[in-house]
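K.L.:
Which chain is which? The protein sequence lines are A and B, in order.
Under the numbering used here, the first sequence has 22 at position 22, and the numbering climbs by one with no breaks.
To convert, count from 1 in the second sequence and add 1000; that's the numbering used here.
Protein chains: 2
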Amino acid sequence: MEIPTYDDMQAAHERIRDHVHRTPVLTSSYLDELTGANLFFKCENLQKAGAFKARGASNAVFGLSDEQAAKGVATHSSGNHGTCLSYAAGRRGIPCTVVMPRTAPQAKKDAVRGYGGRVVECEPSTSSREAVFAEVVAESGAEFVHPYNDPRVIAGQGTCSAELIEQVEGLDAVIAPIGGGGMVSGTCLTLSTAAPDVRIYAAEPAQADDAMRSFKAGHIIADDAPETIADGLKVPLKDLTWHFVSNHVTDIFTASEEEIVDAMKLIWKRMKIVMEPSSAVPLACILNNKDVFAGKRVGVIITGGNVDLDRLPWMTD
Amino acid sequence: MEIPTYDDMQAAHERIRDHVHRTPVLTSSYLDELTGANLFFKCENLQKAGAFKARGASNAVFGLSDEQAAKGVATHSSGNHGTCLSYAAGRRGIPCTVVMPRTAPQAKKDAVRGYGGRVVECEPSTSSREAVFAEVVAESGAEFVHPYNDPRVIAGQGTCSAELIEQVEGLDAVIAPIGGGGMVSGTCLTLSTAAPDVRIYAAEPAQADDAMRSFKAGHIIADDAPETIADGLKVPLKDLTWHFVSNHVTDIFTASEEEIVDAMKLIWKRMKIVMEPSSAVPLACILNNKDVFAGKRVGVIITGGNVDLDRLPWMTD
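#1: Just the C-alpha distance for residue 181 of chain A and residue 296 of chain A, rounded to the nearest angstrom, thanks.
#2: Could you name the residues of chain D that residue 273 of chain A contacts, counting a contact when the two beta carbons are closer than 7 angstroms?
#3: Between the alpha carbons of residue 1256 of chain B and residue 308 of chain A, how many angstroms are there, rounded?
#4: Could one say the Cβ of residue 1109 of chain B lies closer than 8 angstroms to chain A's Cβ atoms, at least one of them?
#5: Give the range of the beta strand (DSSP E) segment to which residue 1109 of chain B is assigned.
#6: Enumerate, from N- to C-terminal direction, the unbroken alpha helix (DSSP H) stretches of 4 or more residues contained entirely within the segment 1163-1204 of chain B.
#7: Check the Cβ-Cβ distances between residue 164 of chain A and every residue of chain B, and say whether any is below 8 angstroms.
#8: Could you tell me whether the Cβ atoms of residue 318 of chain A and residue 78 of chain A are closer together than 8 angstroms?
#9: Would you please verify whether the beta carbon of residue 26 of chain A is less than 8 angstroms from any beta carbon of chain B?
#10: Is there contact between the segment 25-34 of chain A and the segment 217-225 of chain A, where contact requires at least three CB pairs shorter than 8 angstroms?
#11: Tell me which residue opens and which closes the beta strand (DSSP E) that residue 1302 of chain B is part of.
#12: Suppose contacts are defined by Cβ-Cβ distances below 8 angstroms. Is residue 1171 of chain B in contact with residue 1036 of chain B by that definition?
#13: Does residue 223 of chain A come out as helix, strand or coil in the three-state DSSP assignment?
#14: Taking the alpha-carbon positions, what's the residue 304 of chain A to residue 279 of chain A distance?
#15: Nearest chain A C-beta to residue 972 of chain B closer than 8 angstroms, yes or no?
#16: Report back the beta-carbon spacing between residue 88 of chain A and residue 57 of chain A to the nearest angstrom; my notes put them in contact at under 8 angstroms.
#17: Helix, strand or coil for residue 146 of chain A, going by three-state DSSP, please let me know.
#18: Helix, strand or coil: which one does DSSP assign to residue 1237 of chain B?
#19: From residue 1192 of chain B to residue 269 of chain A, what does the alpha carbon distance come to, in whole angstroms?
#20: Can you tell me where the alpha helix (DSSP H) with residue 1264 of chain B in it begins and where it stops?
#21: Would the beta-carbon of residue 158 of chain A fall within 8 angstroms of that of residue 189 of chain A?
#22: Assign residue 1093 of chain B to one of two classes, buried (16 or more other C-beta atoms within 10 Å of its C-beta) or exposed (fewer than that).
#23: May I ask you to list the residues that DSSP assigns as paired with residue 1126 of chain B?
#24: When you compare the segment 233-247 of chain A with the segment 139-153 of chain A, are there three or more beta-carbon pairs, one atom per stretch, that lie closer than 8 angstroms?
#25: So for residue 1101 of chain B, helix, strand or coil by DSSP?
#26: In terms of DSSP beta bridges, what is residue 251 of chain A paired with?
#27: Between residue 1015 of chain B and the rest of its own chain, which residues show a CB-CB distance below 7 angstroms, the 5 nearest in sequence each way excluded?
#28: Just to confirm the assignment, what range does the beta strand (DSSP E) spanning residue 1052 of chain B have?
#29: Mind listing which residues of the segment 1029-1058 of chain B have their C-beta closer than 7 angstroms to chain A's C-betas, in chain order?
#30: Pull the bridge partners of residue 1074 of chain B from the DSSP assignment, please.
#31: Is any heavy atom of the ligand MN found at a distance shorter than 7 angstroms from the C-beta of residue 1141 of chain B?
#32: Please tell me whether residue 1266 of chain B has its Cβ less than 8 angstroms away from any Cβ of chain A.
#33: Measure the C-alpha to C-alpha separation of residue 162 of chain A and residue 198 of chain A and round it to an integer number of angstroms.
#34: Which residue's Cα is closest to the Cα of residue 80 of chain A: A:71, A:110 and A:69?
#35: Using C-beta distances below 7 angstroms, list every residue in its chain close to residue 265 of chain A, excluding the 5 sequence neighbours before and after it, in chain order.
#36: Rounded to the nearest angstrom, what separates residue 1099 of chain B and residue 1129 of chain B at their Cα positions?
Dropping the structure here:
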């Protein structure tokens, strides 16, 4: 296990500077009043390819030697990582293959292809995914870039909070959604060196609360296929992300499906931004734990904005 | 007719600085590729109270003497101006009355009340509105702040492009939606002095194209109750806004209802921001006139973000 360092994060920041946005930080008097906190929303939904994962993916892609790069990159992901890896590979002009269940939404496949990546379909099972992925790598020699359990990816995600603490002075805490833990790990990586007094909280759907249970138990607990509307947050922690979470996170909070949808709609309505259900989990958790955040200056990571506008959660209300 | 000056705009900028956001400018590689232009979106949907009208309203409210202010402000508007005037009055702690047809959407009434303003209902006719409004003013002595044909309001709106030219260097053009012409007039006021080489274009729904026809005819043409999904753009030019439009606008373009909805959805999808149909008219017009904008650096004013999330135009598709 190669644990990325603060220097790796700084190198990542230099490396990806021309390929990602320095995303804005937005505030809302209304949400401040509602929560009793001062919230600073770091808007990675406005990031290239619509998610913070453009940071880690760009760091992995642009850190490859020319020789490695020529063989391309590959991953398995039906979420933002696949899209963002395709984006980064497209910027470098190298091949990218994303293995995805054939049942994945058409929009996700189109997004990968839109940036020039290739989609290879597998059956919707872990065994099929692993077999197909092994074949892709064997055939192409492509470099595997894991969605989160990869030091290059974590170092890349860490650039988000490096910007945040430049943009907002005197933060007391940062809260981010947790699925596999890539963003939270990057946040820990950066803040534990650059701003060690800032508390780091993670926010998780109650219906996929494996990170919270892992945190309480002191070891990784992985659930089998949890179901939540926050579809970016279904995956379990892995050794690298567990390292950061177990060492640097102050607490992990959860929110119900209804609370997540309510928080999502509230952010759309009051902040006028399009963001994913996963990105609403932190606000939902702040509302569930007002006493923890009241009077504090809190950075809130809005992780992504890739939603299907024709199937918004409140459309079925 | 008192025509506001560049100095008035600068004074407005100082006056409202603490009450409005300096809104971010966003870009989209995808939309640049699609249009062949370099587009810089000035996001007034992220403005206080969700619209650029917070600028003009704040300038009017904070420019009042204490004596005038004590009697409050009043307007008639079922759109963003009513909400924004209520916002500004609330910031100063003075009364605000908004006369609105009883048939106006509940959400609009709630928005005015949400900032502490009072809603007085009239019948949905010009005669009723005028009678009720006259009564409100007679009774309270409130200062009338017209939604756009008011030098204080135009000077306030002009602060938007003052920021834009600080944020983006070397603009060739700016395009903004046109209804009554408040934003376009403010843009003309600022740019004609600060950046006279920047061309100013206005964008209008084809179904409410009175400004375009006025522009071609050389005099104000006012339509009776045009119908368009871009509901902020139904009102006609008045003498002050006509002054600016007729003197400083290069051209006025139009877009169909379908083009407006398509452009709106495209911006939501690619830029991850919530904005109104009115705000999509400029992009729709750029897509209709690619030759005019190709290769140019173009500021695009996203005027507001107050939409009913339960009734999005593509929900009925």
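The beta carbon of each residue, even a glycine, is placed where N, CA and C say it ideally should be.
P.N.:
Result, derived from the coordinates:
#1: Taking the straight line joining both Cα atoms gives about 24 angstroms.
#2: Among the protein chains in the structure shown, which are A and B, there is no chain D.
#3: Roughly 24 angstroms separates the two Cα atoms.
#4: Interface flag for residue 1109 of chain B against chain A is unset, since no Cβ pair is found closer than 8 angstroms.
#5: For residue 1109 of chain B, there is no enclosing beta strand (DSSP E); the residue is part of the alpha helix (DSSP H) that begins and ends at 1106-1114.
#6: Segments of the alpha helix (DSSP H) lying fully in the segment 1163-1204 of chain B: 1182-1194.
#7: Not an interface residue.
#8: In the structure as shown, chain A begins at 1 and stops at 317. Residue 318 of chain A is therefore absent and cannot be evaluated.
#9: Interface annotation, residue 26 of chain A: in contact with chain B, CB-CB separation under 8 angstroms.
#10: By the Cβ rule, the segment 25-34 of chain A does not count as touching the segment 217-225 of chain A, because fewer than three pairs are nearer than 8 angstroms.
#11: Element bounds for residue 1302 of chain B: 1297-1302.
#12: Contact: no.
#13: Coil at residue 223 of chain A, not helix or strand.
#14: Going by the C-alpha atoms only, they are around 6 angstroms apart.
#15: The shown model of chain B, from 1001 to 1317, leaves out residue 972 of chain B, and the question about it has no answer.
#16: With a Cβ gap of about 4 angstroms, residue 88 of chain A and residue 57 of chain A count as contacting.
#17: For residue 146 of chain A, the three-state secondary structure derived from DSSP is coil.
#18: Under the three-state reduction of DSSP, residue 1237 of chain B is assigned to coil, being neither helix nor strand.
#19: The C-alpha of residue 1192 of chain B lies about 35 angstroms from the C-alpha of residue 269 of chain A.
#20: Its alpha helix (DSSP H) spans residues 1257-1271.
#21: Yes, the Cβ-Cβ distance between residue 158 of chain A and residue 189 of chain A is below 8 angstroms.
#22: The residue in question, residue 1093 of chain B, is exposed, as its Cβ has fewer than 16 Cβ neighbours within 10 Å.
#23: In the DSSP assignment, residue 1126 of chain B forms no beta bridge with any residue.
#24: Flag = yes, the segment 233-247 of chain A and the segment 139-153 of chain A touch.
#25: Collapsing the DSSP output to three states places residue 1101 of chain B in a strand.
#26: Its beta-bridge partners are A:201.
#27: So the qualifying residues of the chain are 1059, 1062 and 1063.
#28: It is not in any beta strand (DSSP E) - residue 1052 of chain B carries neither H nor E in the DSSP assignment.
#29: Listed by position, the residues of the segment 1029-1058 of chain B near chain A (Cβ gap below 7 angstroms) are 1045, 1046 and 1050.
#30: Answer by DSSP bridge pairing, in chain order: B:1097 and B:1144.
#31: The model depicted lacks the ligand MN and carries no ligand whatsoever.
#32: No, because no Cβ of chain A sits closer than 8 angstroms to the Cβ of residue 1266 of chain B.
#33: Using only the alpha carbons, I get a separation of about 12 angstroms.
#34: Closest option to residue 80 of chain A, Cα to Cα, is A:110.
#35: Around residue 265 of chain A: 314.
#36: Between residue 1099 of chain B and residue 1129 of chain B, the C-alpha separation is close to 7 angstroms.
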